[in-house]
Structures are given as structure tokens and as C-alpha cells.
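Note sheet for the following structure.
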Amino acid sequence: MHASFESIHNIHETAVIEAVQALRSEYPAVEAELLPDVACVALNRLPPRYIRHSVDLAFYQAEREREELAALQAQTVRQAFEFVQARRAMRARC
Numbered sequence: 015m016h017a018s019f020e021s022i023h024n025i026h027e028t029a030v031i032e033a034v035q036a037l038r039s040e041y042p043a044v045e046a047e048l049l050p051d052v053a054c055v056a057l058n059r060l061p062p063r064y065i066r067h068s069v070d071l072a073f074y075q076a077e078r079e080r081e082e083l084a085a086l087q088a089q090t091v092r093q094a095f096e097f098v099q100a101r102r103a104m105r106a107r108c
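Count along the sequence shown from 1, add 14, and you get the number used in the working numbering.
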């Protein structure tokens with residue numbers, strides 16, 4: 015019998031991608047082709063948490079934990095934008 019692992023994902027992926035898209039206009043110096051880099055920087059700074067089904071997370075996570083996680087994700091995405099923006103500026107000066 016064959017096991018499928020396609021349903022496993024990091025809980026931060028969707029939220030980080032949505033935050034990158036939502037905050038994009040606040041960082042006009044970060045070109046569109048760098049947005050995946052911003053997402054990767056943010057995801058690498060967040061503690062990994064994997065689930066199989068999003069409904070499992072909604073069921074087992076308390077409202078306060080959801081709010082804290084959303085705030086952490088938003089803060090981390092802003093830091094990632096700042097990091098990528100600073101690296102781009104540094105490269106432009108060289």
C-alpha cells in the first residue's frame with residue numbers, strides 16, 4: 015500500500031504568503047520577483063509546525079493562540095521585508 019504525504023504542510027505557509035501579498039504595497043523597493051524570497055525568509059524565521067489538515071489546527075488551537083500566531087506571522091513578514099529590502103539596497107551600492 016502506498017502512503018501519500020502530500021497533505022502535510024507547514025501551518026505558516028498560507029498565512030505568510032497572504033501577509034506578503036497584503037504588505038507588498040508598503041515596500042515598493044522590493045520587486046515582485048523578490049516576494050518569494052521575503053516569504054522564504056519569514057518562513058525560515060518562524061518555528062516549524064506541520065499538520066495534515068487545516069481543520070485539525072482550527073479544532074485544536076485556542077483563539078488566543080491563533081491571535082498570537084497571527085501577530086507573530088505578521089511581525090516576521092515585516093522583518094523579512096526589511097531584511098530583503100536592506101540586502102537589495104546593499105547590493106545596489108556595491
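All C-beta atoms, glycine included, are put in the ideal place defined by N, C-alpha and C.
* For H16, name the three-state secondary structure that DSSP assigns. => coil
* **Three-state class that DSSP yields for H67 in the structure shown** => coil
* Asked: Under 8 Å, do V98 and V52 count as touching if we go by C-beta distance?
  -> yes
* **Separation of R101 from A88, as counted between CA atoms** => 20 Å
* Asked: Start and end of the alpha helix (DSSP H) containing Q75?
  -> Careful: Q75 lies outside any alpha helix (DSSP H) and carries neither H nor E.
* Asked: Does the Cβ of P42 lie closer than 7 Å to at least one heavy atom of the ligand ADP?
  -> Because no ligand of any kind appears in the structure shown, any question about the ligand ADP cannot be addressed here.
* Buried/exposed call for V69, threshold 16 Cβ in 10 Å -> exposed
* **Bridge partners - H23, DSSP secondary structure assignment** => I65
* Quick one: Cα of A17 to Cα of H67, how far? -> 16 Å
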